[in-house]
């Protein structure tokens, strides 16, 4: 009989295998980012891990929603907020501004609260991985941290979020309260420049994703070579607490095995 | 005798209590941010938690370092990278650009790799809290997530990082390779505008920090009222895995107690 982790994993893998343009998932884009597919497939080969969500990194231009009078939230996604442009692929990035009907005016800035901001963003790769147990979650977390994914963390139920600090978050324009005219308060040369910078960010992003792939692959090879047991202690710097927990667990397993043998 | 958590906590509290202009800590600023002091003091009253580092949120203007020829890293902090401006306090934010010797030119952008970028950043509050055990770490993590700190995570040794997604990350200028002249490729009106936006970010940041304070306070009041024991299960939604681990641990403790009694 399958345990609950295996059941969950099987159902996720079925979703992933049937995902495509004709069968969208719950994400805004509806399909898995192409650049994530190799690492998703790799991680899902690990018997104690399964990927639950991912984004390979993206550039987006977002027009924030209408703020309600009592709202103090800074970026209102609801209330008609919408993406003016999104790409996960640097090949589709150049000249993005030509697809938006901007009025350029570097002298006019929002003067009241009725305006809605336009933000240009670079967001880096993010991966969520559900692990079978604490030990696996800790191992993946430490691997991510050691490979520069310094904003990673373990959440509930051994879910590891793998995050890295590569970003841009730039106000580039606004719409007036009365009209829907998209005003850009930086010049086109500036937009060209941040596009160039975004290509750098994408390169760094994919380099780190490759590095992460290599590190996970190496860990899995070592584990399947049976080296994990003997090298784990040094490689993953088991803490005092982890050691104590492991000893308790192993001790209990031994007791249970002995009990079964006697029965 | 103190256990290792209590020893660590005592040593941290001693550091905090003597920290000040005459006794700097290892952070760039050397002292604890004023706006963090209330929540630090609150959290440190909890017998199973101790704060290990914090930043209350800040605006910074950073001139990146010289890139080495083989480096592909996007922001080089080493090699003469330096802050042109930093503040943790919105009171000191206005007119920050007057303290920097900028040459404004919205037509000139970097053309080769020898240039160094100038970035304007808003970074939100971040708190690191070391907890005594997994249960406490999980409780604090869930509390943070439920209060909008959606980039929080648990790291090694029950260290909880409390993070929120409020930010700005804006390229505003560069220096030529040959000179140290600080060139700004956005106009002063744009700098005034992002200053205004940063005040909004600060307000949102402190509002969330207050909310977090209130939530931690409420949790501690409930715990000290002895309600924690009976309400915990519903409030913190113990997972199947957590329950299993707890049962194992409690079972083992019972066994050990029984064993001791028999001896």
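Protein chains in written order, with our numbering: chain H, 857 to 1119; chain W, 857 to 1119. For each residue, glycine too, the CB sits at the ideal point set by N, CA and C. For clarity, every value in this text was computed on a predicted model and none was experimentally measured.
| query | result |
| --- | --- |
| Which whole-angstrom value describes the C-beta separation of residue 1024 of chain W and residue 1050 of chain W, a residue pair presumed to lie in contact below a C-beta threshold of 8 Å? | 7 Å |
| Select from H/885, H/1053, H/986 and H/1017 the residue whose C-alpha is nearest the C-alpha of residue 968 of chain W. | H/1053 |
| So what's residue 1055 of chain H in DSSP terms, helix, strand or just coil? | helix |
| Note down the Cα distance separating residue 977 of chain H from residue 940 of chain H, rounded to an integer number of angstroms. | 12 Å |
| For the beta strand (DSSP E) holding residue 979 of chain W, just list the boundary residues, first then last. | 972-979 |
| So if DSSP puts residue 1027 of chain W in a beta bridge, which residue, or which two residues, is it bridged to? | W/975 |
| So what does DSSP say about residue 909 of chain W, is it helix, strand or coil? | strand |
| Can you look up residue 874 of chain W in the DSSP assignment and give me helix, strand or coil? | helix |
| Return the CA-CA distance between residue 974 of chain W and residue 996 of chain H, expressed in angstroms with no decimal places. | 34 Å |
| Which word fits residue 980 of chain H, buried or exposed, when buried means at least 16 other C-beta atoms lie within 10 angstroms of its C-beta? | buried |
| State yes or no: is the beta carbon of residue 1025 of chain H nearer than 8 Å to at least one beta carbon in chain W? | yes |
| When the Cα of residue 1071 of chain H is compared with those of H/1000, H/866, H/900 and H/891, which residue comes out closest? | H/1000 |
| Can you give me the C-alpha to C-alpha distance between residue 1089 of chain W and residue 991 of chain W, rounded to a whole angstrom? | Confidence at residue 1089 of chain W is low in this model, with a pLDDT of 48, below 50, so its placement is unreliable and the value that follows should be read with caution. About 11 Å. |
| Under the rule that 16 or more other beta-carbon atoms within 10 Å means buried, what is residue 1009 of chain W, buried or exposed? | buried |
| Would you list the one or two residues that DSSP bridges to residue 943 of chain W? | W/915 |
| Quick check on residue 906 of chain H - is its C-beta less than 8 Å from some C-beta in chain W? | no |
| Determine the chain H residues that contact residue 1071 of chain W at a beta-carbon separation under 9 Å, and present them in chain order. | By Cβ distance, chain H contributes nothing, its closest Cβ being about 17 Å from residue 1071 of chain W, past 9 Å. |
| According to DSSP, what are the bridge partners of residue 958 of chain W? | W/1038 |
| Going by DSSP, which residues form a beta bridge with residue 898 of chain H? | Note: residue 898 of chain H sits in no beta bridge, so no partner. |
| Which of the three DSSP states is assigned to residue 1017 of chain H in this structure? | strand |
| How about residue 951 of chain H: is its C-beta nearer than 8 Å to some C-beta of chain W? | no |
| For a test of the three-state rule: what should DSSP assign to residue 1089 of chain W, helix, strand or coil? | Confidence in residue 1089 of chain W is poor, its pLDDT being 48 and thus under 50, which makes the residue's placement too unreliable to answer from. |
| Would residue 936 of chain H pass as a contact of residue 921 of chain H if the rule is Cβ separation under 8 Å? | yes |
| Consult DSSP for residue 1068 of chain W and reduce its assignment to one of helix, strand or coil. | helix |
| Compare the Cα-Cα distances from residue 1030 of chain W to each of W/1081, W/966 and W/870 and report the closest residue. | W/966 |
| Closest Cβ-Cβ distance between residue 910 of chain H and chain W: below 8 Å? | no |
| Would residue 1044 of chain H and residue 960 of chain H be called neighbours here (beta carbons separated by less than 8 Å)? | yes |
| By the DSSP assignment, the alpha helix (DSSP H) with residue 996 of chain H in it spans what residues? | 990-1002 |
| Is there a Cβ of chain W sitting closer than 8 Å to that of residue 1120 of chain H, yes or no? | What is shown of chain H runs 857 to 1119, which leaves residue 1120 of chain H out entirely. |
| So is residue 1011 of chain H in contact with chain W if we call contact Cβ pairs under 8 Å? | yes |
| Excluding sequence positions up to five away, which residues of its chain have a Cβ less than 6 Å from the Cβ of residue 943 of chain W? | 915 and 949 |
| Answer yes or no: the CB of residue 1037 of chain H versus the heavy atoms of the ligand NAP, is any distance below 7 Å? | You won't find the ligand NAP in this model; it holds no ligand whatsoever. |
| Here's the rule: buried if 16 or more other CB atoms are within 10 angstroms of the residue's CB, otherwise exposed. What is residue 907 of chain H? | buried |
| When burial is assigned at 16 or more other CB atoms within 10 Å of the CB, is residue 893 of chain W buried or exposed? | exposed |
| Measuring alpha carbon to alpha carbon, tell me which residue in W/1032, W/1016 and W/1048 is nearest residue 954 of chain W. | W/1048 |
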